[in-house]
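For the sequence shown, the working numbering assigns the number 1315 to the initial residue and increments by one for each residue that follows. Every residue, glycine too, gets a C-beta built ideally from N, C-alpha and C. Data first, discussion second: the structure below is written as structure tokens.
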Amino acid sequence: MQTNPKLKGQSALVTGASSGIGKAVAIALANEGANVVVGCSSHPEHGQQVADEIKANGGTAMVYQADVSNEEEVLAMFKAMYKEFGTIDILVNNAGLQKDSSFVDMTLADWQKVIDINLTGQFLCAREAAREFIRRGIVSERSAAAGKIIFMSSVHEVIPWAGHANYASSKGGIMLLMKSIAQELAPQKIRVNSIAPGAIQTPINKEAWETPEALNKLLTLIPYKRIGQPEDIGKVAVWLASDESDYITGATIFADGGMTLFPGFAGNG
Ligand code: NAD
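Printed below as a string of structure tokens:
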């Protein structure tokens, strides 16, 4: 735990926190003093390992297993969080997955699954958090804002992605969901922003970095010439959750080593 924690006494829910980016975000928020709900779906034992790591660092955490695309389970997760921590100050809407296929072979089930989890799941969690932020209002000893919502988007909210039409559509949807509710909730002092990671080394994109050939190919898309680490995203999440970013709402922070800079044009196009 930091000596002057930036999120002292605040409560945070991070969905999909049993692995990858969500795990790093949960640990980073807890290191800044937040009480953290480690949201997980299929592997509660992995969520427990994250909670144990947070507790070993002197932090506070609980694990909750819920499918973010299931409304009843989402409502029960928020209820359990309020029972344990009293309220919510920070939501990190991180849970997501890919079901890749060429467009003409994409099944309705694979389209629907990705939209249900990546987009509807983020809607359901954001709505519950916003309801609590509005009910409770600002607690000035904790934060200048009544609440903070952070969406885990992707560079694919702006970069089209052949073979991944469902995933790119879900992230493009997150972009306007985030901006629309940022506009709607700003008068209630609720800040809503997105992080758009580029290529971060996690289980979701293992085939893109597990061999030297795959990694070299990936690096041609990254001007900064390194793959991102989950901790790179944890740091951005802490900043967006803290009062240091109090005048930021409706923004997408691209954490991508320059992937969105059209690297193909670097050699004069
Ligand atoms: P990951 O597979 O390690 O994490 C995804 C998490 O979401 C897992 O913990 C999984 O259990 C959880 N999850 C999946 N379905 C769920 C459901 N129905 N309910 C609740 N939780 C569910 O991969 P990651 O890379 O850490 O991905 C985290 C987020 O970051 C995703 O939204 C992903 O789209 C986004 N992202 C990742 C990258 C990258 O390069 N890794 C880039 C851009 C965006």
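Looking only at its chain, what residues have a beta carbon closer than 6 Å to the beta carbon of residue i, apart from the 5 residues adjacent to it on each side?
i       : result
LYS1539 : LEU1533
MET1391 : TYR1378, ALA1380
GLY1564 : LYS1493, ALA1496
VAL1352 : ALA1331, ALA1340, GLY1361, VAL1364, ALA1365, ALA1375, VAL1377
Taking the straight line between their C-alpha atoms, what separation do you get for residue i and residue j?
i       : j       : result
ALA1522 : MET1376 : 32 Å
THR1566 : LYS1549 : 15 Å
SER1383 : SER1484 : 13 Å
ASN1519 : SER1416 : 17 Å
ALA1580 : PRO1474 : 19 Å
GLY1583 : PHE1576 : 9 Å
PHE1465 : GLY1323 : 22 Å
VAL1506 : ALA1409 : 17 Å
ASP1414 : ALA1440 : 26 Å
GLY1451 : GLY1435 : 24 Å
ASN1371 : ALA1338 : 13 Å
Which residues does DSSP list as the beta-bridge partners of residue i?
i       : result
GLY1461 : ILE1504
VAL1351 : LEU1327, MET1376
ALA1555 : According to DSSP, which records beta bridges pairwise, ALA1555 is partnered with nothing at all.
Tell me which residues share the same chain as residue i and place their Cβ nearer than 8 Å to its Cβ, disregarding the 5 neighbours each side in the sequence.
i       : result
ASP1316 : The displayed chain sequence assigns Gln, not Asp, to residue 1316. Here the set comprises ASN1345, GLU1346, GLY1347.
ALA1342 : GLU1545, GLY1548, LYS1549, ALA1551, VAL1552
THR1516 : SER1333, GLY1334, ILE1335, PRO1544
Checking 8 Å against the spacing of the C-beta atoms, do residue i and residue j come in under that value?
i       : j       : result
ILE1402 : LEU1327 : yes
ILE1504 : ALA1555 : no
ALA1510 : GLY1542 : no
GLY1400 : VAL1469 : no
GLY1487 : ILE1536 : no
PHE1437 : LEU1499 : no
ARG1557 : SER1454 : The amino acid occupying residue 1557 in the given sequence is Asp; Arg does not appear at that position. Contact: no.
Looking only at its own chain, which residues have a Cβ that is under 7 Å from the Cβ of residue i, when we skip the five neighbours before and after it?
i       : result
ALA1479 : PHE1417, MET1420
ask   = What are the uninterrupted segments assigned as alpha helix (DSSP H) that are 4 or more residues long and contained completely in the segment 1460 to 1542, given in chain order?
value = 1479 to 1499, 1526 to 1533
task = With a floor of 4 residues, list each alpha helix (DSSP H) that falls wholly inside the segment 1400 to 1470, ordered by position along the chain.
result = 1422 to 1429, 1435 to 1450
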